[in-house]
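Take a look at the structure below.
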C-alpha cells in the first residue's frame, strides 16, 4: 500500500454538500480496489479538488474515482511525507 | 485563519532528507506570518510537492516559502474539507 494525491480540475463553485457526496460515493466502493480515501480539500474559486488516499496503485485510485463518476485529472504517488 | 494547499513543481528526485529540511526551514520562520505548515507530501518521480497549511492568507504562505528558499508555483485556499 502507498499514499496517493489526486487532483480534479474544473470544479468551480463546488459546494460542501457536493464534496461530501462525492467523497461518500468513493467510500461506498473503495473497498473493491483496497483503496481508502482519507481526506479531500476543495477550492471552489479555482475549481481544484485534492484527494489523499492509501491504495495499492494509482490505477486503483483512478478506477474508484471513475466508477464514482468523477475521474481525476492527475494521480501522483506521494511516497515522501512530513 | 484558513486552510491552504500549495504546490511546488520541478522537484524531481527530491529525497526524504530534502523534504524534511525544506519543511524545517518553513517551520523556523512561519510564526512571523502566523502561518503553520501542517503536512507536506512529495512525488520524487513527477517532482511535485504538496503542502497543507493554516494561514491568514495565500500571500502569507507564499512569503514564508519564498524566504525559506522555495517559492510555491500555486497556492490555493481550500475552504472545503472532508
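Chains as they are written, first to last, in UniProt numbering: chain A, 1 to 82; chain B, 1 to 82. C-beta atoms are modelled at their ideal positions from N, C-alpha and C, and glycine is treated no differently.
(message) Quick check: the segment 60-70 of chain A against the segment 31-44 of chain B, are at least 3 beta-carbon pairs closer than 8 Å?
(response) no
(message) Quick check on DSSP: helix, strand or coil for residue 17 of chain A?
(response) helix
(request) Could you name the residues of the segment 35-60 of chain B whose beta carbon sits closer than 8 Å to any beta carbon of chain A, in the order they occur along the chain? (result) 39, 40, 41, 42, 43, 44, 45, 46, 48, 50, 52
(request) Taking only beta-carbon positions, decide if residue 28 of chain B is within less than 8 Å of chain A. (result) no
(message) Measuring only the C-alpha atoms, how far is residue 79 of chain A from residue 42 of chain B?
(response) 7 Å
(request) Kindly indicate the opening and closing residues of the alpha helix (DSSP H) around residue 61 of chain A. (result) 58-67
(request) Output yes if chain A places a C-beta closer than 8 Å to the C-beta of residue 8 of chain B; else output no. (result) no
(message) Residues in the same chain with beta-carbon distance under 8 Å from residue 1 of chain B, minus the five sequence neighbours each way, listed in chain order, please.
(response) 34, 54, 55, 56
(request) State buried or exposed for residue 26 of chain A, treating a residue as buried only when at least 16 other CB atoms are found within 10 Å of its CB. (result) buried
(request) Find the residues of chain B that neighbour residue 3 of chain A, judging by a C-beta separation of less than 9 Å, and give them in chain order. (result) 41
(message) Taking CB distances under 8 Å as the criterion, tell me whether residue 68 of chain A reaches chain B.
(response) no
(message) With a threshold of 8 Å between beta carbons, is residue 77 of chain B in contact with chain A?
(response) yes
(request) Could you name each continuous beta strand (DSSP E) segment of 3 residues or more that falls completely within the segment 5-52 of chain B, going from the start of the chain to the end? (result) 36-43
(message) Taking a contact to mean a Cβ-Cβ separation below 8 Å, would you say residue 7 of chain B touches residue 72 of chain B in this structure?
(response) yes
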